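If you count the sequence shown from 1, position 331 lands on 331 in full-length UniProt numbering, and the numbers rise without skipping. Step one of this worksheet: look at the structure below.
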Amino acid sequence: MDKIKYVTVPEGARIIVISDIHGELDLLQGLLEKVQFKEEDFLIINGDLAEKGHNSTGVVRYVMDLEKRYPHVYVTEGNCEAIIDELMRENPKLLNYLRNRPNTLYNEWLTEIDYAVNETTTVEYIKDLLTTHYADEIEWLSQLPTAIETENYIFVHAGLEHIEDWKETDREKALTLPAFMEHSHLANKYVIVGHWPVINYSRDVPTHNPIVEKEKKIIATDGGNVIKSSGQLNAFLIKTTQSEDSFSYQSLDRLDKVKVEQDYEGDPTMVRALHYPHYDVEPIRREEHFTLCSQPDSGQMLYVKNEYISEDEEGNFCSTSDISCAHLNVREGEEVSVLDNSCSGFTLIKKDGDIGWIKKGIVE
Ligand SMILES: [Mn+2]
């Protein structure tokens, strides 16, 4: 990768890392308010500002403006920002992308200037139009660094290659590597990434909260905002100190909250997550609410809610979501979100970023 920016962070400073905003401007603004973002903070926006959500234009403008107004705002490119290369190279495939995806930055821009892509549109024409009307934004997107390096951290959207000099990582890989947490790197500092929703790494209880892997020196922060219906926008917080930095996080989602009406203690043996792309299961024994299944990809056994198992025409079974059997504990008065109240016996909830089941009747 050619574009690496070095940033010096003074001791005692707070670093706030937010990735994968995907056009959700109000969530970004709400989250910055929640963490009480202020001038002294170092804010790192770690790629994928745009695409998929409803206001990519707004997020790009807002972040460009933050960068002007605050002294320490830094942005890396994500695979969603790198699409700018396809526009500048006049890649005709971009037309299909625009035709098939309503929620893209360029479609929003074209709508703003009252142009709709049609059968006769050429990519050269789109490039002409957009470089005329959005010169500043295009210039800004094109210059975004692929990685930001500080004394103790490397911020990159998706990951690094396992090579001696991490700076030799291919840019495309840095922006698109899937499941970086399942790989490793040789950089002698923490690598902080977004891109791959952390719920895809869940082992026991599915969670959208950031994951810190000390051994691997990888921190994954993508809360599955927009991509997952139960997802959230995470802010990973680093308090730098003379000895060991301390980590914490805050998050924000759009789900309604309800109060828990009585304590519930979940069955602690009901754990084990199931996740993308390993949804195939083989039912072994169907019980009243959950079915014991084996999972060919992992060789493990797990329970899946009866209603979340579907069978295709050839008689193959799969789970229809990331949800397995995890039970959660809740206390009266706690705030949770109800994700699914339509199944037998149990209600699916989200509590503090975790997803799992509690007995029916514990929440409204
Ligand atoms: Mn991404």
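Where is the CB? At the ideal position from N, CA and C, for every residue including glycine. Being a predicted model, the structure only gives us computed values, none of them experimental.
Considering just the uninterrupted stretch of the beta strand (DSSP E) at residue i, what are its terminal residues?
i       : result
Arg-99  : Looking at the DSSP string, Arg-99 is not in any beta strand (DSSP E); the run it does join, the alpha helix (DSSP H), is 93-100.
Asp-63  : Note that residue 63 is Val in the sequence shown here, rather than Asp. Run containing Val-63: none in the beta strand (DSSP E); it sits in the alpha helix (DSSP H), 56-69.
Met-301 : 300-305
Gln-295 : 290-295
Glu-149 : 147-149
Asn-250 : Looking at the sequence itself, residue 250 is Gln, so the reference to Asn does not match. It spans 246-252 - the beta strand (DSSP E) in which Gln-250 sits, taken as one unbroken run.
Which first and last residues belong to the alpha helix (DSSP H) in which residue i is found?
i       : result
Asn-107 : 105-112
Ile-126 : 123-133
Lys-173 : 171-176
Ile-83  : 83-88
Asp-165 : Unbroken run through Asp-165: none, as it is neither H nor E.
Gln-262 : Run containing Gln-262: none; DSSP gives neither H nor E here.
Gly-30  : 25-34
Measure the C-alpha to C-alpha separation of residue i and residue j and round it to an integer number of angstroms.
i       : j       : result
Arg-203 : Gly-223 : 16 Å
Val-304 : Glu-67  : 46 Å
Tyr-125 : Asn-107 : 14 Å
Pro-210 : Ala-220 : 6 Å
Lys-360 : Gly-30  : 32 Å
Gln-262 : Asn-329 : 11 Å
Val-363 : His-133 : 51 Å
Cys-343 : Trp-196 : 29 Å
Ile-84  : Glu-77  : 10 Å
Leu-186 : Gln-143 : 26 Å
Asp-26  : Val-123 : 31 Å
Glu-39  : Asp-280 : 49 Å
Ile-192 : Ile-218 : 6 Å
Who are the near neighbours of residue i in its chain, counting only those whose CB is closer than 8 Å to its CB and skipping five residues on each side?
i       : result
His-275 : Ile-199, Asn-200, Tyr-201, Ser-202, Pro-206, Asp-322
Ser-229 : Leu-339
Gly-194 : Ser-19, Asp-20, Asn-46, Gly-47, Asp-48, Gly-78, His-157, Ala-158, Ala-220, Thr-221, Asp-222
Within 10 angstroms of the Cβ of residue i, are there 16 or more other Cβ atoms? Answer buried if so, exposed if not.
i       : result
Ala-174 : buried
Met-301 : exposed
Arg-99  : exposed
Ile-284 : exposed
Lys-34  : exposed
Gly-345 : exposed
Ser-246 : exposed
Glu-164 : exposed
Tyr-6   : exposed
Arg-14  : buried
Tell me which residues share the same chain as residue i and place their Cβ nearer than 6 Å to its Cβ, disregarding the 5 neighbours each side in the sequence.
i       : result
Leu-43  : Ile-16, Val-73
Met-64  : Trp-140
Asn-152 : Lys-189
Glu-311 : Phe-317
Can we count residue i as close to ligand 2, meaning its CB is less than 7 Å from some heavy atom?
i       : result
Pro-277 : With respect to ligand 2, the structure offers nothing, as its ligand set consists of ligand 1.
Skipping 5 residues on each side, what residues in its chain have a beta carbon closer than 7 Å to that of residue i?
i       : result
Ala-147 : Met-1, Ile-4, Thr-76, Ile-154, Phe-155, Val-156, Ala-174
Where the beta carbon is closer than 5 Å to any heavy atom of ligand 1, which residues qualify, in chain order? Asp-48, Gly-78, Asn-79, His-195
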